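Novice:
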Amino acid sequence: MKYDKQALYLEIEKFYLITTEDEGDDLRTIRSLMGGLVRKARKSLAGEEDTKGKIHKLLQLMYGEWGFHCDRNTYFYAKNLYLGNVLRSKQGMPVTLGCILLYLADKLDLPIFPVLFPTQLILRADVDNETAFIDPWNGEYLSQQELEKLYQGAFGFGAQIPPKELEIAEPKELTERFAQLAKNSLIREQLNDAAFKYITSRLNTMEWLIENGISNGTDVEQVEKDEAYEYRDRGLVLAQMGAYQAAINDLHYFVEKYPEDPTALMLQDQLPEMEEHLYVDLLH
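The numbering of the sequence shown is full-length UniProt numbering, which starts it at 1 and goes up by one.
1) Compare the beta carbon distance of L147 and L37 with 9 Å and say whether it is the shorter of the two.
2) I'd like to know whether the C-beta atoms of A41 and L58 end up nearer to each other than 9 Å.
3) Look at P136 and P94 and say whether their C-beta atoms are less than 9 Å apart.
4) For D50, does the three-state DSSP call read helix, strand or coil?
5) Just the C-alpha distance for E23 and N212, rounded to the nearest angstrom, thanks.
6) Report the option in G67, G235 and Y3 whose CA atom is closest to the CA atom of Y253.
7) In terms of residues, what are the limits of the alpha helix (DSSP H) holding F178?
8) For L251, which residues of its own chain have a beta-carbon under 7 Å away from its beta-carbon, when the five flanking residues on both sides are left out?
9) Which residue wins for smallest C-alpha separation from A239, given the options V220, P259 and D193?
10) I'd like to know whether the C-beta atoms of residue 287 and L142 end up nearer to each other than 9 Å.
11) How long is the line joining the alpha carbons of L81 and D25, rounded to whole angstroms?
12) Can you list, in chain order, the residues of its chain whose CB lies under 8 Å from that of V127, leaving out five sequence neighbours each side?
13) Is P118 closer than 9 Å to A78 when the C-beta atoms are compared?
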């Protein structure tokens, strides 16, 4: 079965539609800009016969001629999760620039795939039984030594990269990683309305899967676990919004489901304070 390289793009597009107030007004522009990049890339790669040469040319186009890049100073900003912003400013984070590159690879039939490396999304190109790793920060190739340096920066000097960390990511794992990153960015910037909408949409999807999962082969037990963590995240957002009763309900649900989770242990100390806030609000 052909690998779905557009899964991440479609999730980011859905994220935009759920969390913005423009009711999809920018979607036509996004699709037009993406289509324009595909046409330019096809024209530029037309003279290349070798697959490695095509991939190298595409990287030169995207990060050189077109000027896409990551800025470490604004790396985690939620604006870098929106393709409209990224396509206009040419600035994003690895997941959005990687998404654009994967979309182009799909349209150009190039063997570029996502890897959920622990520190960030990276890409891999598999050509003639050889694998090259690509950094979406800048479009440069990553040597084994550079990969080990990134890994050891996260897990300590001498840590060895397990082979599974360099495998092609499953589309569902990829979209779930994006969703967690998106929620974290929105919550950190206190973009509470957007975070609430996105999490609630995900909860609605999970509830449908739980009800209908047996018939379509869904792992209901895993979805139920994911659902509990979505309730936790929505509870945190609701607390930031001052909606303490709704927050308490969501957070209690998570704590009851997974009392041994480190976050649940922390919430057990914080829930009485939220309940006190609610009691004071009711008195006034």
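For glycine and all other residues, C-beta sits at the position ideal for the given N, C-alpha and C.
For clarity, every value in this text was computed on a predicted model and none was experimentally measured.
Specialist: If we stick to the structure as given:
1) Here the question's residue 147 lines up with position 147 in the sequence shown. Here the question's residue 37 lines up with position 37 in the sequence shown. Contact annotation: L147 and L37 have beta-carbon atoms that are not nearer than 9 Å.
2) Taking the sequence shown and counting its residues from 1, one reaches residue 41 at position 41. Taking the sequence shown and counting its residues from 1, one reaches residue 58 at position 58. For A41 and L58, yes; Cβs fall inside 9 Å.
3) Translated into positions along the sequence shown, residue 136 becomes position 136. Translated into positions along the sequence shown, residue 94 becomes position 94. Closer than 9 Å, so yes.
4) Locating residue 50 in the sequence shown gives position 50, counting from the first residue. In this structure, D50 counts as coil in the three-state DSSP scheme.
5) Numbered from 1 along the sequence shown, position 23 holds the residue referred to as residue 23. Numbered from 1 along the sequence shown, position 212 holds the residue referred to as residue 212. Cα to Cα, E23 sits roughly 29 Å from N212.
6) The count along the sequence shown starts at 1 and reaches residue 253 at position 253. Comparing Cα-Cα distances from Y253 to each of G67, G235 and Y3, the minimum goes to G235.
7) For the purposes of this step, residue 178 is taken as residue 178 along the sequence shown, with counting starting at 1. Looking at the DSSP string, the run of the alpha helix (DSSP H) that includes F178 is P171 to R188.
8) Walking along the sequence shown from the start, residue 251 turns up at place 251. Excluding positions up to five away in sequence, the list reads R232, G235, L267 and L271.
9) Taking the sequence shown and counting its residues from 1, the one referred to as residue 239 is at position 239. The closest CA to that of A239, considering only V220, P259 and D193, is found on D193.
10) It is not possible to answer for residue 287, since the shown part of the chain is limited to 1 through 284.
11) Within the sequence shown, the letter at position 81 stands for residue 81. Within the sequence shown, the letter at position 25 stands for residue 25. Per the coordinates, the alpha-carbon of L81 lies some 17 Å from the alpha-carbon of D25.
12) Position 127 of the sequence shown, counting from 1, holds the residue named residue 127. Cβ within range, chain order: T51, K52, I55 and P111.
13) Locating residue 78 in the sequence shown gives position 78, where the first residue counts as 1. Locating residue 118 in the sequence shown gives position 118, where the first residue counts as 1. No.
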